[in-house]
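Peer 1:
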Amino acid sequence: VVTVVLQGLTLLAALLAARTGRRLFRVAVLVVVVAFLSTLVSALVDTSDTTTGIFFALNVLLVATAPVVIARALWRRGVVDVHTVLGAICIYVLIGMLFAFLYSSIGLIGDEAFFAQTADANIAEFLYFASITLTTVGSGDFTAAHALGRALASLEALVGQIYLVTVVAVLVSRMARGGRPDLAANAGGDPPDAPA
């Protein structure tokens, strides 16, 4: 229940910060309220792993929406500054969270444990595994036990690295050039005149 509430608030905060239209915001509020009420009823009535897995799958949908909204807002800004780079990093972190909820959903809905090392992984361990995989640190203390988990972990590592070396790197380089126009204008030419 707490996880769904936090994810719902994250989505609504991202929508507000991105200044999305009223219609989209109302739809998002409706989805968050339905998700909260469903989770609350489920927690009181049925606490099986399959039900918990279904709600982690719902979290995947909630978390997947926020990066799209943030990316649209960053694209519309038209300027690259510290806020743009921080927004891009927020998207990177949300991608990791998305995979963590996906992994936990697969582990809870499936017949077998997601990890080869433990059968009783909690959300903190899934978040850790997703972060380690996204950054391609790969400490090896947790590994996916089956083909689907391994394929998703490989996809996450590729997405994480491609995102860092393209999107974040380009934004940082544009921010550096945009912050010092006198150097950007004279790139490869004579140094700017010294002040008198």
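Under the working numbering, the first residue of the sequence shown carries the number 5, and numbering increases by one thereafter.
For each residue, glycine too, the CB sits at the ideal point set by N, CA and C.
Every value quoted in this text rests on a predicted model; they were computed, and no experiment measured them.
1) What is the rounded straight-line gap between the Cα of residue 10 and the Cα of residue 127?
2) Hey, is residue 93 close to the ligand FMN, as in C-beta under 8 Å from one of its heavy atoms?
3) Can you tell me the Cα-Cα spacing of residue 181 and residue 86, whole angstroms?
4) Quick one, are the C-beta atoms of residue 156 and residue 113 less than 9 Å apart?
5) Helix, strand or coil for residue 172, going by three-state DSSP, please let me know.
6) Does DSSP put residue 148 in a helix, a strand or coil?
7) Just mark residue 200 as buried or exposed, buried being the case when its beta carbon has 16 or more other beta carbons within 10 Å.
8) Measuring only the C-alpha atoms, how far is residue 167 from residue 96?
9) Do you know how far the Cα of residue 91 is from the Cα of residue 23?
10) DSSP on residue 118, reduced to helix/strand/coil?
11) Nearest by alpha-carbon distance to residue 3: which of 131, 94, 147 is it?
12) Count the CB pairs spanning the region 137 to 144 and the region 69 to 81 that are closer than 8 Å, and state whether there are at least three.
13) Taking the alpha carbon of residue 71 as the point to measure from, which residue in 99, 63, 152 has its own alpha carbon closest?
14) Can you tell me the Cα-Cα spacing of residue 41 and residue 47, whole angstroms?
15) Helix, strand or coil: how does DSSP classify residue 23 here?
16) From 93, 115, 103, pick the residue whose C-alpha is nearest to that of residue 129; which is it?
Peer 2: Walking through what the data contain:
1) As a working mapping, residue 10 is identified with position 6 in the sequence shown. As a working mapping, residue 127 is identified with position 123 in the sequence shown. Answer to the nearest angstrom: the Cα atoms are 14 Å apart.
2) Looking at this structure, you won't find the ligand FMN or any other ligand, since it has none at all.
3) The residue you call residue 181 lines up with position 177 of the sequence shown. The residue you call residue 86 lines up with position 82 of the sequence shown. Rounded to the nearest angstrom, the two C-alpha atoms are 13 Å apart.
4) As a working note, residue 156 is residue 152 in the sequence shown. As a working note, residue 113 is residue 109 in the sequence shown. No; because the gap between Cβ atoms is not below 9 Å, this pair is not in contact.
5) For the purposes of this step, residue 172 is taken as residue 168 along the sequence shown, with counting starting at 1. Residue 172 falls in the helix class under three-state DSSP.
6) Along the sequence shown, one-based indexing puts residue 148 at 144. Residue 148 falls in the strand class under three-state DSSP.
7) On the sequence shown, residue 200 is found 196 positions in, with the first residue counted as 1. Model confidence at residue 200 stands at a pLDDT of 45, short of 50, so the residue's coordinates are unreliable; what they give is reported in the following sentence. That one is exposed.
8) Within the sequence shown, the letter at position 163 stands for residue 167. Within the sequence shown, the letter at position 92 stands for residue 96. So the alpha carbons of these two residues sit roughly 8 Å apart.
9) For this step, residue 23 is matched to residue 19 along the sequence shown. For this step, residue 91 is matched to residue 87 along the sequence shown. Using only the alpha carbons, I get a separation of about 14 Å.
10) On the sequence shown, residue 118 is found 114 positions in, with the first residue counted as 1. It is coil, neither helix nor strand.
11) The structure shown does not extend to residue 3, since the chain is modelled only from 5 to 200, so the question has no answer here.
12) Because the criterion of three Cβ pairs below 8 Å is not met, the region 137 to 144 and the region 69 to 81 do not touch.
13) Mapped onto the sequence shown, residue 71 falls at position 67. Among 99, 63, 152, the Cα nearest to that of residue 71 belongs to 99.
14) For the purposes of this step, residue 41 is taken as residue 37 along the sequence shown, with counting starting at 1. For the purposes of this step, residue 47 is taken as residue 43 along the sequence shown, with counting starting at 1. Counting only the Cα atoms, residue 47 lies some 10 Å from residue 41.
15) Walking along the sequence shown from the start, residue 23 turns up at place 19. Three-state DSSP puts residue 23 in coil, outside helix and strand.
16) Here residue 129 refers to the residue found at position 125 when the sequence shown is read from its first residue. Residue 103 is the option with its Cα nearest to residue 129.
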